[in-house]
Amino acid sequence: MPRPVEKLVSLTINGNEVQAPAGMMLADAALKYGDVEIPVFCYDAKIGPPVGACRMCLVEIEGIPKMQAGCSVAVTDGMVVHTDTPTVKAAQEAVLEFILINHPLDCPVCDKGGECPLQDNAFGWGGGLSRFIEPKRHFEKPLALSPLIAIDRERCILCYRCVRYSQEVAEDFQLVLEERGADTFVTTFDGHPYVAPFSGNIIELCPVGALTSRPYRFRARPWDIEQAGSVCTLCPAQCNVSFSVRDERVLRVLGRDHEGVDDGWLCDKGRFAYQAIHVDERVTEPMMRDGGELRPVTWELAIESAAKLLSHAGANTGALVGGETTNEEGVLLTHLMRETLGSNDLDSRPGGALDLELLRALNAPKLQASVPDLQYAHAVLVLDCEPVDDAPILDLRLRKGVRHHGVKLLIGSSRPSALDERAAHSARFAPGCGEAFAAALGAELAGQSSASLAEAAGADPADVVALATQLREAGEEVVILWGERLTAGPRRNEGARALLNLADQLGLNDRDGAGLLEIPSGTNSRGLREVGVLPNASIGLGDAATVGRDAEQIGEALAAGDLSAVILLHSDPLLDQPSSALWQRALGKASTVIAHAAFLTPAVLEHANIVFPAESYAEKEGTVVHPDSRVQRLRRSIARQGETRAEWALLAELAARIGNDPKALTCSMVSARIFEQVPFYAGLSLDLIGGVGIRWSEREAAASFPAAPAAPFTLDAPPAAASPNGLLRLGSFRSIWASPEVEASPALAFLHPRQRVEISPGDAARLGIAHGENVTVASNGDSVTGLAHIRAAAPDGTVFLQTSIPKGSAALLEGPLVEVKRS
Amino acid sequence: MTDTLLFTNIDEPGLNTIDVYLARGGYEQLGRALKMEREDLITELSGSGLRGRGGAGFPMGRKASFIPKGDMQKYVVCNADESEPGTFKDRELIQKNPHQLIEGLIIAAYAIDATINYIYIRGEYDQQADILDAAIAEARERGFLGEKILGSDFSVQLELSRGAGAYICGEETGLLDSLEGKRGNPRLKPPFPANEGLFNGPTLINNVETLSAIPSIIKLGAEGYAAIGVKDSSGTKLVSISGNVERPGNYEIELGTSSRELIYDLAGGPVDGRAIKCWFPGGSSTPVLTADDLDIGYDYDSIAAAGSMLGSGAIIVVDETQSVVELAYKLAKFYSHESCGKCTPCREGTAWTFHMVERIKEGTATPMDLDIMAAVQEQIIGHCLCVLGDAMAMPIGSLIAKFRDEFEAEIETNRNERERKLAEEFAAAEVEIEGISA
């Protein structure tokens with residue numbers, strides 16, 4: 151559904167005339183436009199429509215005999231509201247007295263004390279006395295609702311927020327209320343712990359101390375901490391967060407509601423992986439390999455050695471840049487590589503260099519959809535990605551769109567999606583065949599025959615027809631949410647062309663509320679590309695003077711001895727790159743491996759000569775670009791831990807020591823340089839970006855985006871998906887929990903994935919494999935083991951394995967076909 | 367008193383089977399209704415003045431006229447979750463004359479063009495559910511339900527759904543949630559079910575008795591039906607008279623009949639010539655009236671004018687031998703047990719009230735507690751999400767207001783009794799406490 155048009159109405163609140171958008175709930179309108187606070191407990195606009203359960207917000211509206219719940223009355227023209235009459239005050243005092251009769255009032259030992267809506271409301275609107283002398287309700291307390299959340303049912307005021315969140319926002323359907331009346335309590339449906347990708351949001355939603363964070367319990371009181379706003383860089387969703395900082399330590403992460411980015415939610419990785427900032431496993435001092443082992447060294451020795459090694463390797467240096475790199479670090483790295491060492495062999499895309507023209511076409515400002523577009527579009531096509539793993543918070547946004555705005559959700563993916571049950575139609579294709587699938591869809595929309603293309607994609611031709619019909623009939627505003635894997639691998643350019651053709655068929659260019667939205671492989675992939683951290687592009691996606699090697703070619707060149715040194719900037723190729731075998735060879739052969747890393751992940755541990763400690767995202771300053779083109783700002787929230795130094799400064803220092811000082815005295819100088827040099831960022835400044843970011847594609851300077859070829863492109867016939875012939879097609883995915891930060895966070899470690907082998911019930915029966923059994927997946931003599939995970943929705947003939955895990959990653963296997971058997 | 371409408375032939379053996387029902391002219395009115403334009407049918411229902419018999423007394427035809435026109439799926443839901451203490455009229459209607467209800471329901475469904483319809487029956491009505499099931503099957507077999515019934519263009523389905531024993535599922539939106547397979551909790555209104563009800567579709571919810579009255583309206587015509595009863599309370603009403611009377615039971619009466627006539631003439635009044643202490647005019651959730659109110663007419667407006675409600679038409683008579691504290695205790699226990707817990711005033715207020723009455727019984731209350739108890743009732747009334755909270759607060763509030771002396775006397779008696787027992791216990795245990803002696 152297209153966005154509702156805002157129409158202002160006039161109403162009177164306590165005698166003052168107030169203008170507010172029609173349809174807005176009175177409690178919101180009063181606060182936002184009338185500066186009148188109507189107290190609430192159960193209501194929060196972001197959970198969805200009001201339920202009017204707590205009755206805290208009763209107000210008088212002229213013409214309506216009974217008092218109304220301010221949270222659930224939409225403002226209308228001419229409405230006359232009173233929130234301060236004796237009747238209203240009596241109702242507020244009554245409700246607060248009722249709420250407090252069973253509340254333990256253990257504020258002095260409650261984590262919520264000091265930042266508690268119940269305290270605030272009791273202070274602001276309560277009568278101050280209780281006449282209740284009966285025994286209060288008792289429950290066992292506190293209990294673990296999950297390894298992450300403690301529940302204290304005595305403190306619970308039964309506002310229903312957490313249950314509604316679980317049922318209507320996260321749609322994990324785990325939290326329920328049991329019993330009734332005053333005996334009601336919150337629990338999980340099956341009595342098992344509440345483990346879900348977004349469970350932590352209920353802690354923040356709870357208006358009392360009934361749901362508390364177990365990692366944060368008793369770590370601080372609100373007056374001990376300071377809040378510091380920044381951006382979470384653990385995935386491309388780039389949610390806006392606020393760090394609770396005490397004595398230069400991050401003790402907690404809270405959401406910093408941003409309708410354009412995260413809609414006020416965080417995933418559990420974003421909420422709890424801050425723990426990895428303060429663990430002993432973190433690298434917080436420079437290290438060098440000495441006698442085969444990495445040992446701490448002084449900064450001087452590390453920098454001097456690195457400068458020497460890099461000078462020596464000169465143009466024979468390659469660089470892999472990981473997604474957590476900021477634009478500033480990216481630009482300084484290109485300075486170090488291109489202008490200092492004379493090498494163009496640097497890449498931030500793991501899937502191989504994409505034709506620059508196509509990259510420009512895909513990133514063209516008029517073709518970019520925004521995150522809120524996902525919520526208001528007529529239809530969203532999720533293509534070759536799994537939002538809950540790849541950019542978790544978008545999963546919630548899509549659910550919201552379907553639930554509240556009638557968005558028609560369509561899915562085309564290899565692996566079954568968590569969103570399938572919310573989708574109007576889901577289609578499966580063979581792993582790696584996104585190109586053929588997109589081409590089939592494009593052909594069908596163009597009125598051509600799609601059957602042979604669908605078959606080449608390993609998809610059911612009827613599915614392609616059904617998706618195309620749905621897309622055609624949905625309405626004009628269509629967003630394609632696509633995964634970078636569609637434009638990775640040997641057929642990447644064809645994948646991009648097929649996608650652009652599809653967008654062209656749907657007329658997505660220059661249409662408000664429609665467009666493409668990529669989920670890239672790395673957090674700041676978009677920014678890194680735009681500042682030229684690519685082998686074939688200069689800053690601002692300009693033509694590269696000399697085209698260098700892409701990631702795979704760097705690996706091959708290292709393995710062949712054509713390159714001798716490699717810089718791994720927040721990148722572990724054994725976790726991030728598609729082929730582990732290649733990178734084992736490459737790193738084994740490289741004489742110099744310089745890593746900037748926070749953790750000793752496999753490649754760093756085994757191969758790095760020099761390791762520089764990487765800043766955590768709470769320590770970093772700089773800018774990143776959200777996949778929907780929003781330039782966001784990281785702000786340093788705590789002191790750098792241990793010996794860690796600013797990485798932008800380190801990169802500048804390295805270049806200076808080698809003889810080409812970039813003259814960057816502060817990080818903001820580098821930011822300013824980027825805003826000058828990227829034509830379509832022109833006029834940006836850190837102030838302008840501020841705390842909420844700014845979408846460059848919506849600014850006038852976007853007109854300076856380099857011209858790109860226009861669809862339709864001629865497509866050649868895609869290769870047919872491999873026929874299993876008794877084997878299984880190998881598909882891979884990166885779990886939301888596959889990250890060194892999750893592994894290092896004590897609270898989250900239980901979620902860090904071990905390999906699991908996802909197969910269909912049909913294949914499992916054929917191969918005699920039972921759920922949970924140990925199985926081996928093998929190809930060409932390589933094998934990995936994992937636990938069999940039979941998924942009813944998995945297509946026959948395909949097996950899915952995880953990548954980016956330290957042991958037994960899918961990257962160890964070469965596809966497209968593998969053999970699966972019981973270990 | 368006119369002839370009976372709802373209870374015509376009610377005690378005829380086999381009336382619950384379709385053959386007998388047909389032989390008594392059953393489903394004739396459905397045939398007539400199907401020949402009418404929908405608009406005219408709704409006008410007819412409105413013109414009859416029939417008010418909802420479930421408790422709220424909202425004009426039935428007006429409710430039907432709120433149902434939007436259009437292609438969306440619409441529903442008629444029959445509320446057969448008869449749970450109000452003292453009310454047992456729907457049970458008899460379902461048990462003895464289920465086809466009358468089904469006929470009325472199909473007419474209502476036709477009026478609003480609802481092709482999918484439900485009867486939600488309380489879990490405890492096991493036998494009645496079986497009877498209804500059988501009757502629905504018969505109606506389906508004879509073509510009164512199904513595709514293009516009686517040669518019209520109207521196709522209609524009817525399903526029976528059984529509750530699981532919650533009073534709150536008699537509240538119309540709680541019923542809808544339960545019917546949808548959710549926890550039975552009331553919903554926020556608006557949106558009203560007429561706009562957004564079952565599965566978000568426009569829904570007409572009516573009580574068993576309301577729907578059962580429809581065939582009579584078609585038969586008599588709006589004017590004929592409206593001629594029965596008094597102004598704004600037309601037609602006949604089933605009253606379930608229970609409590610301290612000689613002849614408890616269901617009686618069909620013309621609205622406006624004097625309450626004294628109902629309690630004394632029909633039900634025989636209290637035994638042994640005892641005096642009436644108070645009576646609930648419309649189920650246990652209505653404010654009590656006293657012997658002084660016996661001469662008012664039994665119709666919606668007169669009862670309202672006396673400060674109570676006609677409710678479900680369940681008259682519970684309490685004679686002078688009964689304790690008001692015991693009465694309050696039973697009410698508070700019932701409603702706190704049945705509170706769904708969704709909204710604060712009802713959840714906490716009913717439980718608090720129950721604890722206070724419990725203390726009166728235990729002998730640990732003081733007259734001051736009565737003030738608190740009365741205040742708590744005030745704090746509940748008008749503040750809740752649905753009417754359950756009020757359903758306890760109104761009768762208890764009225765009991766305290768009207769029988770405060772009795773409450774105070776009983777508080778005193780129970781305190782003395784408790785202290786005497788304590789003193790005995792202390793004496794037995796040879797504990798000496800100043801000021802307390804056996």
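Each protein sequence line maps, in turn, to chains Z and A.
Under this note's numbering, the first residue of the first sequence carries the number 151, and numbering increases by one thereafter.
Under this note's numbering, the first residue of the second sequence carries the number 367, and numbering increases by one thereafter.
In this text, a Cβ means the ideal position worked out from N, Cα and C, and glycines have one as well.
The structure displayed is predicted, hence computed values, not measured ones.
Residue i versus chain Z: which residues are under 9 Å apart at the beta carbon?
i      : result
A:Q745 : A240, A241, E243, A244, V245, E247, F248
Between residue i and residue j, how many whole angstroms is the CB-CB distance? I'm expecting something under 8 Å.
i      : j      : result
Z:L617 : Z:L636 : Z:L617 to Z:L636, Cβ: 15 Å. No contact.
Z:P386 : Z:G672 : 7 Å
A:I473 : A:L526 : With a Cβ gap of about 18 Å, A:I473 and A:L526 do not count as contacting.
Z:K419 : Z:L384 : 6 Å
A:G392 : A:E469 : 6 Å
Z:E634 : Z:I669 : 7 Å
A:Y476 : A:F520 : 5 Å
Z:F248 : A:P711 : 6 Å
Z:I808 : Z:T448 : Their Cβ separation, rounded to whole angstroms, is 19 Å, which puts Z:I808 and Z:T448 out of contact at 8 Å.
Determine the chain A residues that contact residue i at a beta-carbon separation under 8 Å, and present them in chain order.
i      : result
Z:E284 : W718, H721, M722, R725
Z:A588 : Neighbours of Z:A588 on chain A: none; closest Cβ ~35 Å, over 8 Å.
Using the beta-carbon of each residue, which ones in chain A are nearer than 7 Å to residue i?
i      : result
Z:R281 : I738
Z:A203 : K708, C709, L751
Z:L983 : Only positions 151 to 973 of chain Z appear in the structure, and residue 983 of chain Z is not among them; the question remains open.
Z:L993 : Since the first and last residues shown for chain Z are 151 and 973, residue 993 of chain Z lies out of range.
Z:S885 : None at all; the shortest Cβ gap to chain A is about 32 Å.
Z:L512 : By Cβ distance, chain A contributes nothing, its closest Cβ being about 39 Å from Z:L512, past 7 Å.
Z:S222 : L554
Z:L355 : Within 7 Å Cβ-Cβ: nothing; Z:L355 doesn't reach chain A, min ~17 Å.
Z:L308 : G707, R713
Mind listing the chain A neighbours of residue i? Cutoff is C-beta to C-beta under 9 Å, in chain order.
i      : result
Z:P200 : L554
Residues of chain Z with CB closer than 7 Å to the CB of residue i, please, in chain order.
i      : result
A:G748 : K216, M217
A:H703 : G331
A:R549 : L327
Provide the residue(s) that pair with residue i in DSSP beta bridges, ordered along the chain.
i      : result
Z:F393 : Z:A378, Z:V403
A:N483 : A:V442, A:L524
A:G677 : Beta-bridge pairing links A:G677 to no other residue.
Z:L460 : In the DSSP output, where bridge partners are listed per residue, Z:L460 has none listed.
A:I642 : A:D685
Z:V743 : Z:V716
Z:Y831 : Looking at the DSSP assignment, Z:Y831 forms no beta bridge with any residue, so it has no partner.
Could you tell me which chain Z residues have their CB closer than 8 Å to the CB of residue i, listed as they occur along the chain?
i      : result
A:E714 : F248, I249, I251, N252, A332
Check your understanding: Between the stretch 586–595 of chain A and the stretch 565–572 of chain A, do three or more beta carbon pairs fall short of 8 Å?
Key -> no
Check your understanding: Where in the stretch 483–559 of chain Z do unbroken runs of the beta strand (DSSP E), each at least 3 residues long, occur, reported from the N-terminal end onward?
Key -> 529–533
**Study point:** Those runs of the alpha helix (DSSP H) which lie wholly inside the stretch 508–534 of chain A and span at least 4 residues
**Key:** none
Check your understanding: Three or more C-beta pairs closer than 8 Å, one from the stretch 873–880 of chain Z and one from the stretch 548–563 of chain Z: is that the case here?
Key -> no
**Study point:** Three or more C-beta pairs below 8 Å linking the stretch 761–768 of chain A and the stretch 649–665 of chain A
**Key:** yes
Practice item. Please list the segments of the alpha helix (DSSP H) lying wholly inside the stretch 761–816 of chain Z, counting only runs of 4 or more residues, in order along the chain. Key: 797–808
Check your understanding: Which parts of the stretch 244–285 of chain Z are runs of the beta strand (DSSP E), unbroken and 3 residues or longer, counting only runs that do not cross its ends?
Key -> none
Exercise for review: Kindly confirm or deny that the stretch 895–906 of chain Z and the stretch 946–959 of chain Z touch, where touching means at least three C-beta pairs closer than 8 Å.
Suggested key: yes
Practice item. Check whether the stretch 635–652 of chain A touches the stretch 725–734 of chain A, taking contact to mean three or more Cβ pairs, one atom from each stretch, closer than 8 Å. Key: no
Check your understanding: Is the stretch 639–659 of chain Z touching the stretch 622–631 of chain Z in the sense that three or more CB pairs, one from each, lie closer than 8 Å?
Key -> yes
Check your understanding: Mind pulling the alpha helix (DSSP H) runs of 4 or more residues that sit fully within the stretch 168–241 of chain Z?
Key -> 176–184
Practice item. Quick one: which unbroken alpha helix (DSSP H) runs of 4-plus residues sit fully inside the stretch 602–690 of chain Z? Chain order, please. Key: 611–624, 642–655, 675–680
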